[in-house]
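The sequence shown begins at 1 in full-length UniProt numbering and counts up by one.
By construction, the Cβ of each residue, glycine as well, lies at the ideal position given by its N, Cα and C atoms.
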Amino acid sequence: MGAEQAELKVEQGAGSKRRRRWLRRLLWAPVVFAVFSVVQVLVLRFVDPPFSTVMLFRQVEAVAQGDWKFRLHYQWCDLEDMARSVPISLVAAEDQRFPEHNGFDLQAIEKARQHNERGGRLRGASTISQQTAKNLFLWQGRSWLRKGLEVWYTVLIEALWPKQRIIEMYANVAEFGDGIYGVQAASRSYWGKDAARLSPAESARLAAVLPSPRRYNAAKPGPYVQRRAAWIQRQARQLGGADYVDDAN
C-alpha cells in the first residue's frame, strides 16, 4: 500500500504541474495576442496587404460550396493613384464625421439607438475605421467575440495609422461586388479603366453599393443605387468636396 500511495502522490503532483503550466499559458495568451496585434497593425501602416481575412474567408466559402470557377479580384491602389472623388464619396456614404472622431462616432451610435428603439429597419453606426478593422483582420457575422476584436483593432488602427492610411486601406479592402475587392479592381471590372480615371458619378455609385455589394451593381445601377449615388454626390459637395478628406490627419 505504501508504494501505491507514493505512486498516486507522484501522479497527483504531475497532474498539478500540468494544470499550473496550462494556467500560465492561458494567462499569457492575452498578452501574446496584444503584442502580436500591435505589431501586425504597425507593420500594415507601411506594408500593403496582399489580401484580407474577409477575402480569405470568401475564397474558402466558394470552395466549400463547390464553386471552382470563383476568382477573387483584388489589386492594390495607392491613395494618390485614386480619383480624388473616391475617398470623399466613401466618407459621404459611410462616415461623414470620419476626420473628426477617434474610431467611434458616439453621435451616430446614439442616433442609431434611438432609431432602432422606434422599430423598423435596424440601423448601424460603424465608422470607416471599424469597417476597416473588420474587413482586414476579422470575419463576417455577428458575435460578441468578433465585436470585441473589432473594437480592439479599431483602437489600434486609430492610434497607429493616420487618417489618410485608414481611408486608403478601406478603399482597397472593401467589397464592391461578388469577389471584387478595392476600388482598382472594381473600376477595372465595371468600366475597364484605372481608379485614377473614375468620375464623381462612378465613385458615388461604388460607394452606393457598399451596404449590399453582392446585391447591387455599380455599372448597372437600379433605382436605389441611382438615388443613393445622387445623394452621396450632394453630401460630398456639402462636406466641402475632396479637401474634406485631404485635410484629415
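Query: Residue-level contact to chain B via CB, Val35, 8 Å cutoff; Result: Chain labels in this structure do not include chain B; a single protein chain is all it has.
Query: Same chain, Cβ closer than 8 Å to Ile167, neighbours up to 5 away in sequence not counted; Result: Leu79, Pro87, Leu90, Val91, Phe98, Ile128, Val245, Ala248
Query: Cβ distance (whole Å) where Asp48 is taken to contact Ala195 below 8 Å; Result: 14 Å between Cβ atoms; not a contact.
Query: Cβ pair count under 8 Å reaching 3, the stretch 160-179 against the stretch 141-150; Result: no
Query: Phe57 - DSSP class collapsed to helix/strand/coil; Result: helix
Query: Separation of Pro30 from Gly182, as counted between CA atoms; Result: 32 Å
Query: Test item: CB-CB of Gln233 and Gln96 under 8 Å; Result: no
Query: Residues near Trp76 by beta carbon distance below 6 Å, same chain, minus five either side; Result: Asp48, Asn172
Query: Gly103 vs Gln130 beta-carbon contact at 8 Å; Result: yes
Query: Between the CA atoms of Arg19 and Leu122 - distance to the nearest angstrom; Result: Note that Leu122 scores 47 on pLDDT, short of 50, meaning its location in the model is unreliable; the coordinates nonetheless yield the value given after this. Looking at the two C-alpha atoms, the distance is approximately 46 Å.
Query: Beta-carbon separation (whole angstroms), Ala62 vs Phe51, contact threshold 8 Å; Result: Not confirmed; about 14 Å, so no contact.
Query: Residues bridged to Glu175 (per DSSP); Result: Tyr181
Query: Boundaries (first-last residue) of the alpha helix (DSSP H) holding Tyr153; Result: 144-160
Query: Check whether Ala208 and Ala93 have beta carbons under 8 Å apart; Result: yes
Query: Same chain, Cβ closer than 7 Å to Trp139, five either side skipped, listed in chain order; Result: Thr53, Val54, Phe57, Arg146
Query: Rounded C-alpha distance that separates Leu72 from Ala159; Result: 31 Å
Query: Residue(s) in a DSSP beta bridge with Tyr74; Result: Tyr181
Query: With 16 other Cβ atoms within 10 Å as the buried cut-off, status of Arg205; Result: buried
Query: Pair within 8 Å by beta-carbon distance, Phe176 and Ala218; Result: yes
Query: Distance CB(Ile157)-CB(Val41) smaller than 8 Å; Result: yes
Query: 6 Å Cβ shell around Ser85 - same chain, five flanking residues per side excluded; Result: Pro200, Ser203
Query: Cβ-based burial, Pro213 [other Cβ within 10 Å; buried from 16]; Result: buried
Query: Close-in-space but distant-in-sequence residues of the same chain around Thr154 (CB under 6 Å, 5 per side omitted); Result: Gly103, Ser129, Gln130, Ala133
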